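Following our numbering, the numbering of the sequence shown begins with 37 at its first residue and continues without gaps.
First up is the structure itself, then whatever we jot down about it.
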Amino acid sequence: MQAEKKAVPRHVAIVMDGNGRWAKARLLPRLIGHQRGVESVRKVIRACNQAGVECLTLFAFSSENWKRPLEEVSGLMSLFMLVLERETAGLIRHNVSMRFIGDRSAFSGSLQDKIAAVEQQTSHCTGMLLLIAANYGGRWDILQAARKLVAKLASGELSAQELTEQALDQELSTFGLPEPDLFIRTGGEQRISNFLLWQLAYTELYFTDKLWPEFDEQALQEAFKAYANRQRRFGMTSEQIQNQQGDVHA
Ligand code: FPP
């Protein structure tokens, strides 16, 4: 039981890729692929929550996704709105809180209001945190943190000696959360694509050919199994890790 508990990652971060290809293979519009992707989102939220994952971060819209055809972008915006309207009550029922990271100022006023409302309505939930990366980019996150640090340096609130990794970490949009233990990317590409660049430094990476609409509870369990079989060394040797584990179990 103890071993099973340890095998569950605390923080899972997912790039949900392959909606468009799933739809194309069925001669359907890309947006239908995104709609089917929402089904996978629901399954994965439920399964992560049940497994005891503390934080699930989903890459819903990257800062580069604005380059897609206008029709797809506006379809995605309507889908986000619909999902937030439809799913908030269920999240609250399952004690899941929802927060957003990314530059939300680019979204319409009504979507920004909805995002703020959902964050507020789920803020009392003490179970899993669902973090939605929307208009997010890892470089943007580091840059906005750097800007805040520069302002602190300029005002004298921070000295050059106090400019540490922790100081930068505190300004990132993920401050206070455990770093991701497991990164999953569906859809066959093996890239980070400007997701959580700083935060993924020691994360176990898992890539699957499954397209996002095909990714279900069983596929998630397979990713968890692969994660459980990895040895996380954080720069140390296998022997050091084994000694540490011996200390813990002693
Ligand atoms: C990537 O597949 C997927 C997206 C850019 C959108 C994902 C969004 C959802 C599933 C909706 C989730 C909503 C909330 C609020 C969490 P792709 O279009 O790049 O697929 P392709 O590589 O096959 O073209």
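Just so it is clear, CB atoms sit at the ideal spot from N, CA and C, and this is done for glycine as well.
Computed from a predicted structure; not experimentally measured.
Check: Burial state of Lys246 (16 or more Cβ within 10 Å); Outcome: buried
Check: Trp248 Cβ short of 7 Å to the ligand FPP heavy atom set; Outcome: yes
Check: Limits of the unbroken beta strand (DSSP E) element including Ser99; Outcome: Note, Ser99: premise wrong, no beta strand (DSSP E); not H, not E.
Check: DSSP three-state assignment for Cys84, whether helix, strand or coil; Outcome: helix
Check: For Ile50, the residue or residues it bridges with in DSSP; Outcome: Leu94 and Ile220
Check: Stretch-stretch touch, CB-based, cutoff 8 Å, three pairs: the segment 208–218 with the segment 171–184; Outcome: yes
Check: Neighbourhood of Ser99 by C-beta distance below 8 Å, restricted to the same chain and skipping five residues each side; Outcome: Gly138, Asp139, Asn171, Tyr172, Gly173, Trp176 and Asn230
Check: Sub-8 Å separation of Val132 and Leu166 beta-carbons; Outcome: yes
Check: Alpha carbon of Val74 to alpha carbon of Ser114, nearest angstrom; Outcome: 13 Å
Check: Assigned exposure category for Gly56 - 16 Cβ within 10 Å defines buried; Outcome: buried
Check: Start-to-end residues for the beta strand (DSSP E) that takes in Glu18; Outcome: Look at the range of the chain in this structure, 37 to 286, and you will see that residue 18 is not part of it.
Check: Coil, strand or helix - Arg175 by DSSP; Outcome: helix
Check: Boundaries (first-last residue) of the beta strand (DSSP E) holding Leu241; Outcome: Glu240 to Phe243
Check: Cβ neighbour criterion (16 or more within 10 Å) applied to Phe270; Outcome: exposed
Check: Cβ contact (3+ pairs, closer than 8 Å) linking the segment 254–262 and the segment 273–283; Outcome: no
Check: Stretch pair the segment 108–126 + the segment 178–196: three plus CB contacts closer than 8 Å; Outcome: no
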